[in-house]
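Colleague: Sharing a structure, written as C-alpha cells. Questions coming.
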Amino acid sequence: MIHDMKIAFVGKGGSGKTTTAALFARYMQQRGHRTLALDADINQHFAAALDYEGKLANMGMEIDRIKQHLAGVNALFEIDEMKKTTPPGRGSNLVTLDASDWFMQEFTEDADGVRIAGAGEIPEGNVGVRCYHSLNGAVELLLGHMADKDDDMVIVDMTAGADALSSTLFAKVDALVLVVEPTRKSLGVYVQLMPAIEKYGLPLYVVANKTVEQSDTNFILETIPELVAVLPQSPYIRARERGQHVKMERDLINQLGILAAHVLATPRDWQGMQQRSYELHLKNADDWAGEQIKNQIDPGFSLANAVTRLQK
Ligand SMILES: Nc1ncnc2c1ncn2[C@@H]1O[C@H](COP(=O)(O)OP(=O)(O)O)[C@@H](O)[C@H]1O
Ligand SMILES: [Mg+2]
3 MIHDMKIAFV
13 GKGGSGKTTT
23 AALFARYMQQ
33 RGHRTLALDA
43 DINQHFAAAL
53 DYEGKLANMG
63 MEIDRIKQHL
73 AGVNALFEID
83 EMKKTTPPGR
93 GSNLVTLDAS
103 DWFMQEFTED
113 ADGVRIAGAG
123 EIPEGNVGVR
133 CYHSLNGAVE
143 LLLGHMADKD
153 DDMVIVDMTA
163 GADALSSTLF
173 AKVDALVLVV
183 EPTRKSLGVY
193 VQLMPAIEKY
203 GLPLYVVANK
213 TVEQSDTNFI
223 LETIPELVAV
233 LPQSPYIRAR
243 ERGQHVKMER
253 DLINQLGILA
263 AHVLATPRDW
273 QGMQQRSYEL
283 HLKNADDWAG
293 EQIKNQIDPG
303 FSLANAVTRL
313 QK
C-alpha cells in the first residue's frame with residue numbers, strides 16, 4: 003500500500019539536509035499531499051528554505067503549553083512529570099494535520115501551501131541551548147502524539163551529524179533520509195548513525211547530494227551499498243541562494259520523484275512505533291528520569307487503534 007508518513011532528514015552539517023527536505027516538502031505538496039515541515043535544528047533555516055519570511059511561534063519556549071494540550075485528561079501523570087518520551091495514553095490528545103487542530107492553529111504557518119513549525123529565532127548563548135533542547139523535546143512529544151493520516155506527509159529537518167542521536171527524536175518517525183555529499187566526513191556520519199538506526203529497525207533512505215560526475219556516486223557507493231537517489235550539484239539551487247530564479251533541472255525533479263516513491267512504499271508500522279517509543283521511555287527512566295515515569299505507559303492504549311479511529 004502507498005501512503006505518506008513521518009520522515010526526518012539527517013546528515014552532516016552543510017550536506018544539504020535543509021535544502022533537500024524543503025525541495026521534498028514542496029515536491030510532495032505540489033502533488034497534493036498535505037505537508038507539515040518541522041524544523042528541529044538549532045540553525046533554523048527550514049522556513050527560509052520554503053520561502054517563508056514571517057515569524058514562527060517558538061515551540062521550545064512554549065513546551066509547557068504543548069505538554070498541557072497533549073496530556074489532555076490522561077490520568078497517569080501530572081504535567082510537570084511529563085518527559086519528552088512520555089507516550090500518549092487514554093485521555094491524551096493526539097495531533098492531526100487538520101486545519102482545525104489545536105497545534106496546527108497555534109504553532110504552524112503557511113509557506114505557500116506547506117505548513118511549517120519550529121522555533122523561529124533561537125537566541126544565542128546559554129538561553130539558546132536551553133531553548134533548543136526544549137524545542138527538541140517539543141518536536142519529539144509532538145511526533146509521539148501525531149496521528150497523521152495516510153495522505154499526510156510530515157518532514158523533520160534534524161540537527162547536524164551524530165547530534166541527531168543526542169535525543170530519541172529520530173526514533174519517532176517512520177523513516178530517515180540521510181543526505182550525503184561525496185566527502186569522507188559526510189560518509190563518516192553514515193558510519194556513526196548506522197548502529198542506532200539498525201538497532202531500532204528504522205527504514206533508511208540514503209540520498210547522494212551535490213554530485214557532479216559518476217565518480218562522486220561511485221565514491222559514496224564504496225561505503226554505502228544502497229543509494230535511493232542521486233541529486234546533482236544544481237544550478238537551480240545555486241541560483242536560489244542568490245535570490246534568482248531559474249527552472250529546476252529535470253534530473254533534480256526526477257530524483258525527488260524516486261525518493262518519493264521509496265518513502266511512499268515504506269510499510270507503516272504504528273505498533274512498531276509504539277513499541278519503540280515505550281522502549282525509549284523505559285530506557286530514559288533507567289538512565290536519568292527515574293522509576294516513577296515507567297507507569298506513564300498505559301497498557302490499555304493502542305496507538306494503532308487510536309489513529310484508525312481518528313482517520314475515519
Ligand atoms: N544539490 C545542491 N546543489 C547545489 N548546492 C546545494 C545543493 N544542496 C545544497 N546546496 C547548498 O549547500 C549549502 C548547504 O545546504 P543546507 O541545506 O543548508 O545544508 P544542511 O542543512 O545539511 O546544513 C547551501 O548553500 C545550499 O544551497
Ligand atoms: Mg540545515
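Just so it is clear: in the sequence shown, position 68 is 70 by our numbering, and no numbers are missing. Beta carbons: idealized from backbone N, C-alpha and C, even for Gly. None of these values were measured; they are calculated from a predicted model.
With 16 as the cutoff for other CB atoms within 10 Å, does N211 come out buried or exposed?
Modeller: Buried.
Colleague: Exposed or buried, which one is D6 when buried takes at least 16 other CB atoms within 10 Å?
Modeller: Buried, by the Cβ-count rule.
Colleague: In chain order, what residues of the same chain lie with their CB nearer than 6 Å to the CB of T37, ignoring the 5 residues before and after it?
Modeller: Contacts found: A27, M30, Q31, V116, M155.
Colleague: In this structure, does DSSP put A23 in helix, strand or coil?
Modeller: In the structure shown, A23 sits in a helix (DSSP, three-state: H, G or I).
Colleague: D112 bridges to which residues according to DSSP?
Modeller: BP columns for D112 point to R117.
Colleague: Please return the same chain residues whose Cβ sits closer than 6 Å to the Cβ of A166, not counting the five positions on each side in sequence.
Modeller: Counting only Cβ-Cβ distances below 6 Å, and skipping sequence neighbours, we find V12, M160, F172.
Colleague: Can you look up F11 in the DSSP assignment and give me helix, strand or coil?
Modeller: Three-state result, F11: strand.
Colleague: Using a threshold of 7 Å, is the CB atom of H47 nearer than that to any non-hydrogen atom of ligand 2?
Modeller: The answer is yes for H47.
Colleague: Under 8 Å by Cβ, that's how I've got V230 and H264 pegged, so tell me the actual separation to the nearest angstrom.
Modeller: Indeed, because the Cβ distance is near 5 Å, the residues count as touching under 8 Å.
Colleague: Among residues of its own chain, excluding the 5 on either side of F105, which ones have a beta-carbon nearer than 6 Å to its beta-carbon?
Modeller: Contacts found: V97.
Colleague: Could you give the C-beta distance for A73 and S94, rounded to a whole number, given that I count them as a contact under 8 Å?
Modeller: Indeed, because the Cβ distance is near 6 Å, the residues count as touching under 8 Å.
Colleague: Count the other C-beta atoms from every protein chain shown that fall within 10 angstroms of the C-beta of L269, then say buried if there are 16 or more, exposed otherwise.
Modeller: Looking at the sequence shown, residue 269 is not Leu but Pro. With fewer than 16 other Cβ atoms within 10 Å, it is exposed.
Colleague: Under the assumption that D120 contacts L40 (Cβ atoms under 8 Å), give the Cβ distance between them as a whole number of angstroms.
Modeller: Before going further, note that residue 120 is Gly rather than Asp in the sequence given. That pair is a contact at about 7 Å.
Colleague: Can you tell which of K296, L25, S136 has the C-alpha that lies nearest to the C-alpha of N256?
Modeller: That would be L25, whose Cα lies nearest to the Cα of N256.
Colleague: Looking at ligand 2, does it come within less than 7 Å of T20, judged from the CB to the closest heavy atom?
Modeller: Yes, the Cβ of T20 comes within 7 Å of a heavy atom of ligand 2.
Colleague: Taking the beta carbon of M275 as the centre, do at least 16 other beta carbons fall within 10 Å, making it buried, or is it exposed?
Modeller: Label assigned to M275: buried.
Colleague: Excluding the 5 residues preceding and the 5 following G146 in the sequence, name in chain order all residues of the same chain whose CB lies nearer than 7 Å to its CB.
Modeller: The answer, listed in chain order, is P89, P90, K174, S279.
Colleague: Apart from the five residues on each side of it in sequence, which residues of its chain come closer than 8 Å, Cβ to Cβ, to G127?
Modeller: Same-chain partners within the cutoff: there are none.
Colleague: With DSSP collapsed to three states, give me the class of R33.
Modeller: Coil at R33, not helix or strand.
Colleague: Spell out a yes or no on whether the stretch 125-142 and the stretch 59-74 are touching, meaning 3 or more CB-CB pairs, one atom from each, closer than 8 Å.
Modeller: As far as the Cβ criterion goes, the stretch 125-142 touches the stretch 59-74, which means the pair count is three or higher.
Colleague: So what's I239 in DSSP terms, helix, strand or just coil?
Modeller: Here I239 sits in helix by DSSP.
Colleague: Where does G292 land, buried or exposed, given buried means 16+ other C-beta within 10 angstroms?
Modeller: Classification of G292: exposed, given that the 10 Å Cβ count is below 16.
Colleague: For T213, report the span of its beta strand (DSSP E) as first-last.
Modeller: Counting along the chain, the beta strand (DSSP E) containing T213 begins and ends at 206-213.
Colleague: Please find out if some non-hydrogen atom of ligand 2 comes closer than 7 Å to the beta-carbon of D253.
Modeller: Incorrect: D253 has no Cβ contact closer than 7 Å to ligand 2.
Colleague: Please name the residue, chosen from T22, I295, L261, I260, that lies closest to K86 on a Cα-to-Cα basis.
Modeller: Measuring from the Cα of K86, the nearest candidate turns out to be I295.
Colleague: Is the distance from the Cβ of I118 to the Cβ of A49 below 8 Å?
Modeller: Yes, these two residues count as a Cβ contact at 8 Å.
Colleague: Within 7 Å: the Cβ of S136 and any heavy atom of ligand 1?
Modeller: No; taking the cut-off as 7 Å, the Cβ of S136 has no heavy atom of ligand 1 nearer than that.
Colleague: Given this structure, state the Cα-to-Cα distance separating S304 from D153, to the nearest angstrom.
Modeller: Taking the straight line from one Cα to the other gives about 21 Å.
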